[in-house]
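Line by line, the protein sequences give chains A and B.
Anchor point for the first sequence: position 378 equals 378 in the numbering used here, and the numbering is continuous, going up by one each time.
If you want the numbering used here, it's the position in the second sequence, counting the first as 1, plus 1000.
Notes for the one structure printed next.
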Amino acid sequence: MLNLRDDLYQKFGTEFKSSFPDKGLLTYKAKIPFDDQSVETFQNFFKRLKEEFRFHMLVDICFEETASGRLAHYQFLNLEVFFYLQVSVDLQESDFLVSLSSLWSSAETFEKDIIEHYPIFITDGSKTAQRRDLENSRENQRLDSIPPVPRYEIPLQPSHNQRDRTWHRFGPHSAPFNGKVRVDLLIADNRVYDSKVLGGLHHRGFENKVLGKEPLSLTFQFERLCARDSVYAPLLWVETLEEMHHISVPDKAKAIRMVWMELARVEGHLNFLWELTHELGFYVSASVFAELLEQVYHLFNLYSGKSQNYSLFAVGGMRKVNPIGWGTECLEAAKYILKIIEEQEKGFNRNPRFMAVSSGFPMSAGQALDHGFTGPNLRACGVNLDNRKTKPRYFYDDVDFEVPLGIDGTTYDRFLVRLEELKQSLRIINQVLDHLPAGSILNKDHPLYRPEYDGQANEISMNIDQQGWPTKSLEVFSHIEATEGLLGYYIKIEEGNLTKLHVRSPSLVHLGAYPKIVRGGDLAGALTTFQSLSIDAWEMDR
Amino acid sequence: MNTRDNNLGPRQDPARHRLGLGFQAINRRNFFERMKTWSRSQLLSTYVMGGNCCTRELYRLSGPNPQTKDVRESFTEVEPIESCDVLIVTGVITPALKPYLLEAYERMLRPRYVLAVGTCAASGAVFETEALDQIMPVDVYVSGCPPTLDSLIKGLDSLREKVRLGDHLDGGLDAQS
Ligand code: SF4
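Here is the structure:
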């Protein structure tokens, strides 16, 4: 790891900063409009990062408009030493952002997301295209007046030589827990030739609404970010605040947080198994998974009185002590779930009927990394990347668990990887509950402590003057291994105010890659693949 | 009898107050009305719009929980919207969703019933958005963030009771504004 940091420092001198051992920050000043040469220099700079410094994964792009100009923040990951690098590009009021999709396919998804939300163009360097874009925009409407709401364009019917192909609407796809995503497929003879996807149809404006609020009240909002589980998003937020203020967490709270994280993973994977088996027509198995899901909801209910949005995590620990007997109940449920899952696994493993419908569209590890996949979808392609192992927090390095890997990244692999991960999560829960540390669950000795955390005050005492942000300026990209992949927040704080928040959602990446995966394949396989990517629309709706 | 044309429930039946109509005629009409609303309330077709976190709780109703058996027997989910009795709206009412909600409301079976699920739809407090009743008349609110399974079941039950009595707020959108 030190080598990479030194290399970067040698190459870029004081431009490169690194205050964390596994994170770095690099600034790049760009001058892009109407200058082919600067576009090339820009792309070469990133090419060097990829080839010399082996940042093979583009994790996220965050675009920011400030009073002084426009900024783009690129997050990269080096998979050999798990080093995160942020490159901040100062665009200096340019109307163009240079496309990096020739280097990383995932860039296309992020760039598409940016042009939907901000008045900016993406350029690949050709002057004519740039001029045309600018002139069009001047004729039709001024750049600034483009509304910040993405507009859905119905795809044009193909030209006369492809008259047999027609567009079919396959969405708004509404799987019970996955929200809504719009998908159109260009189909002829049961074959998919092209597809168009759009997520985030509701435009909640999540990222803008949280600005200017008190950080503690935001835990409540983050709990409602995603419809899949309400554990990872608020927990990451709370952890980020703890990291900013250097707040320690008692051991018992750490252990209980781990149990909750793994329960959320169990819930997420059971959801996935239920939806997939239901979609493929294995109704008996689907009802078995649905019943197991009820067991998990029952555990949530016992602890927090709710089956989602638990209001449990507080800065410095947990709000509620685990009720007496909850641990035993949890262990029993884990045992039961494990038994049923093992039975189901026997039925599905190498089941020819199941394999026939689920083993299309293989994906190589290189492709998956290029698309920016994370989580079980990446591991199904055979890449061993799990933040619980690479950057263990809490007691993850003390517990025994394995990271299951797939082979060719088909639906079948994704199914088996999740099934195995579910078993590993139950294993972690067993180990943690067997060795639950004693002591308190809340650290009260820090500036963000509020009496309502442990039920000492009934009303929420919001102190408006005390904003709770660190007074110094800060830029953080914090991330967590959520059920479906890397969930990350880019947070920027200037003079005690939150000025930018950006959510890196795994679903956006998986959805963005979908058209490329299914192009040229058969229709039934395309639908199954969509289901098996497990996309949550609410995560993208921000 | 066409449900669409005859969108007046027995309570708002103007025939009751009109002079010159015989007692029997009113009664027979009431009988048919009651018959109609009662039979409608036996199996209500619903259409869910919106989403966000509440949907998860809503879909638990169709799960294998014995508590929800009654609900499963008396409510079904339908497509297309033209054949739906009850519009269930959950989650955040964003400006982007609004036109679709209005369109769905236009195309529903008459008289129309609307159920607002969750604090978001009921008051818009969570994400500081519009409340559903600013857009269309709402018959039953189920509050909570998310509402518990019990309150959802209660909400659906009271909606069913309203349908049985023919007690609705559907005066059309113009009447509201
Ligand atoms: S009311 Fe609460 S649980 Fe329901 S959609 Fe709104 S935020 Fe989610």
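Think of the CB as a built atom: it goes at the ideal place given N, C-alpha and C, for glycine as much as any other residue.
Looking at residue j and residue i, is the spacing between their C-beta atoms short of 8 Å?
{"i": "serine 230 (chain A)", "j": "asparagine 322 (chain A)", "result": "no"}
{"i": "glutamate 1082 (chain B)", "j": "arginine 1056 (chain B)", "result": "no"}
{"i": "leucine 1159 (chain B)", "j": "valine 1140 (chain B)", "result": "yes"}
{"i": "leucine 1087 (chain B)", "j": "tyrosine 1047 (chain B)", "result": "yes"}
{"i": "alanine 368 (chain A)", "j": "glycine 317 (chain A)", "result": "no"}
{"i": "phenylalanine 566 (chain A)", "j": "isoleucine 61 (chain A)", "result": "As displayed, chain A neither begins before 1 nor continues past 542, which places residue 566 (chain A) out of reach and without an answer."}
{"i": "aspartate 95 (chain A)", "j": "phenylalanine 121 (chain A)", "result": "yes"}
{"i": "alanine 1121 (chain B)", "j": "threonine 1090 (chain B)", "result": "yes"}
{"i": "alanine 513 (chain A)", "j": "histidine 298 (chain A)", "result": "no"}
{"i": "histidine 202 (chain A)", "j": "aspartate 522 (chain A)", "result": "no"}
{"i": "threonine 240 (chain A)", "j": "isoleucine 491 (chain A)", "result": "yes"}
{"i": "glycine 485 (chain A)", "j": "threonine 374 (chain A)", "result": "yes"}
{"i": "alanine 290 (chain A)", "j": "proline 1066 (chain B)", "result": "no"}
{"i": "phenylalanine 46 (chain A)", "j": "leucine 100 (chain A)", "result": "yes"}
{"i": "histidine 269 (chain A)", "j": "threonine 528 (chain A)", "result": "no"}
{"i": "serine 473 (chain A)", "j": "isoleucine 493 (chain A)", "result": "yes"}
{"i": "proline 1147 (chain B)", "j": "valine 1117 (chain B)", "result": "yes"}
{"i": "phenylalanine 206 (chain A)", "j": "arginine 418 (chain A)", "result": "no"}
{"i": "glycine 200 (chain A)", "j": "alanine 537 (chain A)", "result": "yes"}
{"i": "leucine 79 (chain A)", "j": "leucine 385 (chain A)", "result": "yes"}
{"i": "threonine 1119 (chain B)", "j": "threonine 1094 (chain B)", "result": "no"}
{"i": "leucine 569 (chain A)", "j": "cysteine 330 (chain A)", "result": "In the structure displayed, chain A extends from 1 to 542; residue 569 (chain A) sits before or after that span and is not available."}
Would you grab the beta carbon distance between residue i and residue j for me? Rounded to a whole angstrom, and I think it's under 8 Å.
{"i": "alanine 72 (chain A)", "j": "leucine 97 (chain A)", "result": "6 Å"}
{"i": "valine 210 (chain A)", "j": "leucine 501 (chain A)", "result": "6 Å"}
{"i": "aspartate 413 (chain A)", "j": "alanine 438 (chain A)", "result": "The pair is not a contact, with the Cβ atoms about 42 Å apart (cut-off 8 Å)."}
{"i": "threonine 123 (chain A)", "j": "valine 197 (chain A)", "result": "About 23 Å separates the two Cβ atoms, so there is no contact after all."}
{"i": "aspartate 1085 (chain B)", "j": "serine 1045 (chain B)", "result": "5 Å"}
{"i": "leucine 1115 (chain B)", "j": "valine 1142 (chain B)", "result": "7 Å"}
{"i": "alanine 233 (chain A)", "j": "leucine 487 (chain A)", "result": "7 Å"}
{"i": "phenylalanine 1075 (chain B)", "j": "arginine 204 (chain A)", "result": "Actually they are not in contact, since the Cβ atoms of phenylalanine 1075 (chain B) and arginine 204 (chain A) sit about 28 Å apart, beyond 8 Å."}
{"i": "tyrosine 1113 (chain B)", "j": "lysine 1162 (chain B)", "result": "7 Å"}
Please identify the residue among the options whose C-alpha is closest to the C-alpha of residue i.
{"i": "glycine 360 (chain A)", "options": "A:Ile324, A:Phe415, A:Phe401 and A:Leu405", "result": "A:Phe415"}
{"i": "isoleucine 441 (chain A)", "options": "A:Ser248, A:Tyr9, A:Phe289 and A:Glu267", "result": "A:Ser248"}
{"i": "glutamine 86 (chain A)", "options": "A:Asp194, A:Gln92, A:Trp260 and A:Phe76", "result": "A:Phe76"}
{"i": "serine 534 (chain A)", "options": "A:Ile517, A:Gly512 and A:Ser507", "result": "A:Ser507"}
{"i": "arginine 1110 (chain B)", "options": "B:Leu1102, B:Asn1065, B:His1168 and B:Ile1153", "result": "B:His1168"}
{"i": "aspartate 1150 (chain B)", "options": "B:Pro1080, B:Trp1038, B:Asp1070 and B:Phe1127", "result": "B:Asp1070"}
{"i": "alanine 286 (chain A)", "options": "A:Trp274, A:Ile491 and A:Gln295", "result": "A:Trp274"}
{"i": "tyrosine 396 (chain A)", "options": "A:Leu527, A:Phe348 and A:Val259", "result": "A:Val259"}
{"i": "leucine 216 (chain A)", "options": "A:Glu242, A:Arg182, A:Asp400 and A:Phe55", "result": "A:Glu242"}
{"i": "valine 181 (chain A)", "options": "A:Ser358, A:Pro404, A:Leu511 and A:Cys226", "result": "A:Leu511"}
{"i": "glutamate 475 (chain A)", "options": "A:Met244, A:Ala233 and A:Thr529", "result": "A:Met244"}
{"i": "asparagine 591 (chain A)", "options": "A:Arg350, A:Val315, A:Leu331 and A:Ile429", "result": "Residue 591 (chain A) lies beyond the residue range present for chain A, which begins at 1 and ends at 542; the question has no answer from this structure."}
{"i": "lysine 306 (chain A)", "options": "B:Ile1135, B:Asp1133 and B:Gly1144", "result": "B:Gly1144"}
{"i": "serine 364 (chain A)", "options": "A:Leu405, A:Ser304, A:Glu262 and A:Asn349", "result": "A:Leu405"}
{"i": "glutamine 92 (chain A)", "options": "A:Phe63, A:Asp164, A:Glu108 and A:Gly347", "result": "A:Phe63"}
{"i": "leucine 498 (chain A)", "options": "A:Glu108, A:Glu214 and A:Ala233", "result": "A:Glu214"}
{"i": "glutamate 1077 (chain B)", "options": "B:Phe1127, B:Leu1043, B:Thr1094 and B:Lys1098", "result": "B:Leu1043"}
{"i": "valine 383 (chain A)", "options": "A:His446, A:Asp6 and A:Met57", "result": "A:Met57"}
{"i": "phenylalanine 83 (chain A)", "options": "A:Asn44, A:Gly496, A:Glu294 and A:Asp6", "result": "A:Asp6"}
{"i": "threonine 411 (chain A)", "options": "A:Leu378, A:Lys23 and A:Gln221", "result": "A:Leu378"}
Is residue i a contact residue of ligand 1, with contact defined as CB to any heavy atom under 7 Å?
{"i": "cysteine 1054 (chain B)", "result": "yes"}
{"i": "arginine 224 (chain A)", "result": "yes"}
{"i": "valine 238 (chain A)", "result": "no"}
{"i": "threonine 328 (chain A)", "result": "no"}
{"i": "asparagine 309 (chain A)", "result": "yes"}
{"i": "valine 1142 (chain B)", "result": "no"}
{"i": "threonine 1094 (chain B)", "result": "no"}
{"i": "threonine 1119 (chain B)", "result": "yes"}
{"i": "proline 234 (chain A)", "result": "no"}
{"i": "glycine 205 (chain A)", "result": "no"}
{"i": "threonine 66 (chain A)", "result": "no"}
{"i": "glycine 200 (chain A)", "result": "no"}
{"i": "glycine 1124 (chain B)", "result": "no"}
{"i": "threonine 1090 (chain B)", "result": "yes"}
{"i": "cysteine 1145 (chain B)", "result": "yes"}
Q. Touching or not, the region 275–290 of chain A and the region 1035–1053 of chain B, by the rule of three or more beta carbon pairs under 8 Å?
A. no
Q. Any contact of the region 418–425 of chain A with the region 336–345 of chain A, i.e. 3+ C-beta pairs under 8 Å?
A. Counting Cβ pairs under 8 Å, three or more are found: they touch.
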